[in-house]
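Undergrad:
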Amino acid sequence: MRNERYRAIIIVEDKILVMKRNRQGRDYAVIPGGGLEGSETPEQCCQRELREEFGIEVEPIRLIYRIEQKSTIQGFFVAKWISGEIHKTDAEEYTCDTSKYGTFEPAIVPIKDLKAVNLVPHEVCEQLLQDLETYGAELDRPLIEFRCDWS
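Position one of the sequence shown corresponds to residue 408 (my numbering), numbered consecutively onward.
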């Protein structure tokens with residue numbers, strides 16, 4: 408059975424919400440989200456993860472990227488920030504052993520700085536930047552499906 412993970416692309420005023428990470432000396436950022444739990448839908452997964460990790464309520468609008476890896480499926484939703492202020496919560500990301508899991512820092516970064524914050528996976532970053540130019544911040548685009556061997 409594959410592990411399913413869902414992420415929320417949230418864009419506000421030419422900025423994007425990311426989780427900055429430092430793990431084993433490597434600085435990078437990811438689109439926020441996490442693993443599907445129990446019988447929840449992908450949309451409910453995004454809502455729960457953003458509430459748990461960032462303290463905000465979001466509304467997933469549409470799935471625009473779906474990545475199939477050997478053991479994982481990742482989906483990326485365009486989402487709307489409904490309410491709340493971004494802050495560190497009591498989620499395990501902020502209370503875990505940093506020597507093992509690294510550090511986590513919620514952030515809003517200008518879209519123009521995405522490459523500088525090392526948004527991973529890079530292929531999604533590149534596609535997202537292209538789509539923002541083509542479709543604008545609404546990202547009203549058809550679903551793109553990737554198959555890859557990313558680690």
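From the three backbone atoms N, C-alpha and C, an ideal C-beta is built for every residue, glycine too.
When the Cβ atoms of the segment 443–452 are set against those of the segment 408–423, are three or more pairs found closer than 8 angstroms?
TA: Yes, the segment 443–452 is in contact with the segment 408–423.
Undergrad: Isoleucine 425 lies in the alpha helix (DSSP H); which residues open and close that run?
TA: Reading off the sequence shown, one finds valine at residue 425, where the question assumed isoleucine. From DSSP, valine 425 is part of no alpha helix (DSSP H) but of the beta strand (DSSP E) over 422–430.
Undergrad: Which residue wins for smallest C-alpha separation from phenylalanine 511, given the options Val419, Glu540 and Gly432?
TA: Cα-wise, what sits closest to phenylalanine 511 is Gly432.
Undergrad: Using a threshold of 8 angstroms, state whether the C-beta atoms of isoleucine 471 and leucine 550 are closer than that.
TA: Yes. Within cutoff.
Undergrad: On the premise that alanine 436 lies in contact with valine 531, defined as a C-beta separation below 8 angstroms, what is that separation, rounded to the nearest angstrom?
TA: About 11 angstroms; that fails the 8 angstroms criterion.
Undergrad: For the beta strand (DSSP E) that contains glutamine 534, what are its first and last residues?
TA: Segment 529–542 is the alpha helix (DSSP H) holding glutamine 534; no beta strand (DSSP E) there.
Undergrad: Could you compute how far the alpha carbon of threonine 448 sits from the alpha carbon of glutamine 454?
TA: Going from the Cα of threonine 448 to the Cα of glutamine 454 covers about 10 angstroms.
Undergrad: My output table needs one value for aspartate 556: the three-state DSSP class, helix, strand or coil.
TA: It is coil, neither helix nor strand.
Undergrad: Can you give the beta carbon distance from isoleucine 423 to glycine 462, rounded, assuming they're within the 8 angstroms contact cut?
TA: Actually they are not in contact, since the Cβ atoms of isoleucine 423 and glycine 462 sit about 17 angstroms apart, beyond 8 angstroms.
Undergrad: Using the Cα positions of valine 465 and glutamate 456, report the straight-line distance between them to the nearest angstrom.
TA: Their Cα atoms are separated by approximately 10 angstroms.
Undergrad: Could you tell me the distance, in whole angstroms, from the CA atom of glutamine 476 to the CA atom of arginine 554?
TA: Using only the alpha carbons, I get a separation of about 6 angstroms.
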